[in-house]
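Chemist: Starting off with a structure, shown below.
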């Protein structure tokens, strides 16, 4: 929301922020030379005067400065400007000038020299912890101007608190300074200055030489400083106890504090710089592409919601003491979490001023003397310290509690009880802003709860890489599930590996998707993780190593692993490796590995060389064997390999090993697409994928039919198909090469949606004509399995084609407001270098960019539902994930957020019962950088966990959850579990046991069934080996271990470590 002019070259930038013009600061003695230089730049004809024509490019300045024309000549001299400044400046009481005990401290933050001024109160005792108030100056100001404006030093001396005045940043060291409050302002915002990190550094630095009460750190600020205080409350909620913004709203659309922060906001209804109602003020300077101010109401509502205030508003008319024509009203919302509250002090007729203080210039409007902002904010601050920390683990206090979501239309829809899902706080998973490249759920320590193995990367937009500095490093975390939604990080040891948990990509951010399974049959979980190549155009970046994929084997415990990647030949190091899929394709007793590979733009971070690693044993010892990539060989014709030939190459980030024809062996699937970049001319890039083959590719495993491993490419089966694009020079766009079309949908998934025992298939992808041109204009397809390795397209009859609707349809479905900004068309001008001939299109007419489908029986009614994950990152659009409920195996019906409660989205998701209550919960990965690294708010990087509440009749249905023992994972993967009603033999459902079901995630090797009204079930097990057996009259509502060897069932032993620890 950068509504502030960024000091164009030559502008007489007299400390401007939202229309505040402090001409005296430019033309004062201290900065006279700078003022003269700026004056001279506007004085185009160098006659020593500014004419009306010379000021035409600066209409806001012209309106103000024309008043300085004291002789009425129509021209302005620098002497007239100085006189105007003196006339419009109020004198400052001596006690509010900087004191001799004030100190200026210097810091280095992110390679930049920063400063702050600290005021210690009279009689300060360095051994007695004192409260601290951060006071942020307005845009264009500095700490000295803030001291004069606010008079806070006097209040500090009176009450004994420390005041810290940070210096903003700007072209000049001491003038025209601003802060980056998230979406503003001016120099600080435009140059990506991390002022949150600056404040963190200040707090750390001052504690080295002063005693600060950690529970009483507060923030206030004027205008841009108010916006900064709001931003700190959201980003540093763990440190800031309360804030007091003056004459400035939130600068961001959302507030996402990790814990409550009380707010008292002062604002005049006559403010013409930052209008009370939002928008542009009469005295606001704005650029053509600048957004308007948010309203005060928006700021207050965000924090009422964030603090979970339950009462209010209580309205009080404050005494009208000064008879200055202004009246003040106080509105209080209280009974918030941890005793927090939100207060609005509304000054009727008040200007862009500090209540209780005379304005430093008449241009700012009227300032009421009925109240004192300093007195009121300090009483408010004293009332709201941080709560005392309890001795027990902090995570146990908040685990499983509702997570405060940013204020959006979706989050408003999701509020209140009775929704099917509720976003909850899960320490270790949902409380830190890093992009999640991949996650694997599995029970590593055997306590009966699903743990999480995550690979994350710091946000690019917040990282040094965006400033041309150090590349962000990947982190590998093993988060142990203690029960009750409490996850705790476990220390991981990686032996024999250059990778470290805190630098898992070995100096590169290329680590991707983990999947967990027991590869060497020792009873402990191992894991495989894919990685991308550190380079572009198949050329490695200088200073980086092509690491490739990794395989880590457990060494004696669940958190100690040995790296066998290079020895076992699973690297595929030059590829853009993405989703792995596991299974024993030749049934030799060892797990094999398939890996998808994409190509974006020009082999950005890897070529599209998919791989199928088949394990070749030696001497019966897993570590002595070696994997062989059969991709590109006669054993898997037309799969894998890389040829730098668009007639042969294809790109798809996801591959799947599935027993699609129920013959016991694992078949192979890959769906491919084209992914280009509008900022590059795809026709001039040597490794561009623009004309690659796109479509669905299927290979039938002939092991069961012939006794030998060989994948036979299947073409005429109702799902397979391929086509290519060619560039049309006349139309200047990519068009189908011929009459052949195919759905270029990269994300392919499998589930038995109609309960007939055969896996059906569904595929989705983005359809942006800018980035993902297609031969067939579709965002989603569904195929029903017709048995015998044949399929029938059924998108229409199942209502699955609802996913082909545009945002215009979904905005109406969710009753979203359609703003004017959503109606403009893109691309603008010649922004699309790859396809300049494309016609314009409004954002509302785009389709969601579906990156994942998460299948599970979420309501336990026996039929598999799904959640469609829209991975789009767009500031204008409001994407959200959509729950589709299965209607008796015949069709899918989308549910509004008021029903589902799913009020966010991300790049991918996974279904898992994280609290063992028999209801499948939903995990959504946040990784905006993977889609659009262009300045996303921090909360978008946080993962989301949605607790399945059991609402909407879900709790009334029964369930059964099975995990497996007495069998190796190689022999287990591909197993088919079918449940039947004992009385009538009607099939309840079918589940396949696989190590991955969704995108960018690994799944636990288990099965969850909704039983509906059935209290008993007959369990039939079909192993890939051909063995099968039945377990009869299994009672519902149990989490059971199915021992395949003994054909028996036992309740899973569950240890709730969270309850034990508490």
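Numbering (my numbering), first residue to last: 23 to 1084. Ideal Cβ placement from N, Cα and C applies to all residues, glycine included. Since this is a predicted model, take the numbers as computed values, not measurements.
Return the bridge partner residues of residue 757 from the DSSP annotation.
Modeler: Paired residue(s): 748.
Chemist: My assumption, with CB atoms under 8 angstroms, is that residue 458 sits in contact with residue 425. Please give the rounded CB distance.
Modeler: Going by Cβ atoms, the distance from residue 458 to residue 425 rounds to 16 angstroms, so no, they are not a contact pair.
Chemist: Give me the Cα-Cα distance between residue 822 and residue 1021, rounded to the nearest whole angstrom.
Modeler: Roughly 19 angstroms between the two C-alpha positions.
Chemist: Tell whether a beta-carbon distance below 9 angstroms holds between residue 907 and residue 880.
Modeler: Yes, they are a contact pair.
Chemist: Among 903, 857, 862 and 843, which residue has its Cα nearest to the Cα of residue 870?
Modeler: For the residues 903, 857, 862 and 843, the minimum Cα distance to residue 870 belongs to 903.
Chemist: Considering only DSSP beta bridges, list what residue 619 is partnered with.
Modeler: Answer by DSSP bridge pairing, in chain order: 599 and 674.
Chemist: Roughly how many angstroms separate the alpha carbons of residue 553 and residue 262, rounded to a whole number?
Modeler: If I take the Cα positions, the gap works out to 39 angstroms.
Chemist: Going by DSSP, which residues form a beta bridge with residue 631?
Modeler: None, per the DSSP bridge assignment.
Chemist: Are the beta-carbon atoms belonging to residue 596 and residue 559 less than 9 angstroms from one another?
Modeler: No, they are not a contact pair.
Chemist: Measure from the alpha carbon of residue 133 to the alpha carbon of each residue in 460, 179, 1047 and 216, then state which is nearest.
Modeler: That would be 216, whose Cα lies nearest to the Cα of residue 133.
Chemist: For residue 927, which option in 382, 432, 195 and 125 has the closest C-alpha, if you only look at C-alpha atoms?
Modeler: When each option's Cα is compared against that of residue 927, the closest is 432.
Chemist: Give me the Cβ distance between residue 930 and residue 1014, rounded to the nearest whole Å; I'm assuming they're in contact under 8 angstroms.
Modeler: Wrong, their Cβ atoms sit about 20 angstroms apart, outside the cutoff.
Chemist: Who are the Cβ neighbours of residue 115 in its own chain at under 7 angstroms, not counting the five residues just before and after it?
Modeler: Since pLDDT at residue 115 reaches only 45, below the 50 mark, its modelled position is unreliable, and the value read off the structure follows with that caveat. Excluding sequence neighbours, residue 115 sits near nothing in its chain.
Chemist: Roughly how many angstroms separate the alpha carbons of residue 655 and residue 847, rounded to a whole number?
Modeler: If I take the Cα positions, the gap works out to 47 angstroms.
Chemist: Could you tell me whether the segment 656-663 touches the segment 582-592, where touching means 3 or more Cβ pairs closer than 8 angstroms?
Modeler: Verdict: no, contact absent.
Chemist: Using the Cα positions of residue 194 and residue 533, report the straight-line distance between them to the nearest angstrom.
Modeler: Approximately 41 angstroms between the Cα atoms of the pair.
Chemist: Whole angstroms is fine: what's the gap from residue 1068's alpha carbon to residue 1052's?
Modeler: Rounded to the nearest angstrom, the two C-alpha atoms are 12 angstroms apart.
Chemist: Sorted by chain position, which residues of the same chain lie with C-beta nearer than 7 angstroms to residue 248's C-beta, five sequence neighbours on each side aside?
Modeler: Hits under 7 angstroms: 267, 268, 269 and 270.
Chemist: Nearest-angstrom Cα distance between residue 317 and residue 373?
Modeler: Rounded to whole angstroms, residue 317 to residue 373 spans 15 angstroms at the Cα level.
Chemist: For the beta strand (DSSP E) containing residue 364, list its first residue and its last residue.
Modeler: Per DSSP, residue 364 belongs to the beta strand (DSSP E) from 364-370.
Chemist: Just checking my contact of residue 936 with residue 507 at CB under 8 angstroms: how many whole Å lie between their CB atoms?
Modeler: Confirmed, Cβ separation roughly 7 angstroms.
Chemist: Could you check which residue in 981, 967 and 780 has the C-alpha nearest to that of residue 996?
Modeler: Answer by Cα proximity: 780.
Chemist: Please report the straight-line C-alpha distance between residue 234 and residue 200, rounded to a whole angstrom.
Modeler: So the two alpha carbons sit approximately 26 angstroms from each other.
Chemist: I'd like the span of the beta strand (DSSP E) that includes residue 244, first residue to last.
Modeler: Element bounds for residue 244: 234-244.
Chemist: Determine contact between the segment 974-994 and the segment 285-303, defined as no fewer than three beta-carbon pairs at a distance below 8 angstroms.
Modeler: No, the segment 974-994 is not in contact with the segment 285-303.
Chemist: For residue 289, write down the residues that DSSP places opposite it in a beta bridge.
Modeler: In the DSSP output, where bridge partners are listed per residue, residue 289 has 368.
Chemist: With residue 830 as the anchor, note down where its beta strand (DSSP E) starts and where it stops.
Modeler: That residue, residue 830, is in no beta strand (DSSP E); its alpha helix (DSSP H) goes 829-835.
Chemist: Within 10 angstroms of its Cβ, does residue 898 collect 16 or more other Cβ (buried), or is it exposed?
Modeler: Per the 10 Å Cβ criterion, exposed.
Chemist: Count the other CB atoms within 10 Å of the CB of residue 1064; is the residue buried (16 or more) or exposed (fewer)?
Modeler: By the 10 Å Cβ count, residue 1064 comes out buried.
Chemist: At the level of alpha carbons, what is the spacing between residue 292 and residue 370?
Modeler: One C-alpha to the other measures close to 7 angstroms.
Chemist: Going by DSSP in three states, residue 166 sits in which element: helix, strand or coil?
Modeler: Residue state, collapsed to three classes: helix.
Chemist: Answer with buried or exposed for residue 1072, where buried requires no fewer than 16 other C-beta atoms within 10 angstroms of its C-beta.
Modeler: The residue in question, residue 1072, is exposed, as its Cβ has fewer than 16 Cβ neighbours within 10 Å.
Chemist: Can you check the segment 177-216 for any alpha helix (DSSP H) of at least 4 residues that lies completely inside it and give the ranges in chain order?
Modeler: Listed in chain order, the complete alpha helix (DSSP H) runs (minimum 4 residues) inside the segment 177-216 are 208-212.
Chemist: Just tell me which of 208, 172 and 227 has its CA closest to the CA of residue 126.
Modeler: Measuring from the Cα of residue 126, the nearest candidate turns out to be 227.
Chemist: Since residue 770 and residue 801 should fall inside the 8 angstroms C-beta cutoff, what is the C-beta to C-beta distance between them, to a whole number of angstroms?
Modeler: Rounded, the Cβ-Cβ distance is 14 angstroms, inconsistent with contact.
Chemist: Where does residue 644 fall in DSSP's three states?
Modeler: In this structure, residue 644 counts as helix in the three-state DSSP scheme.
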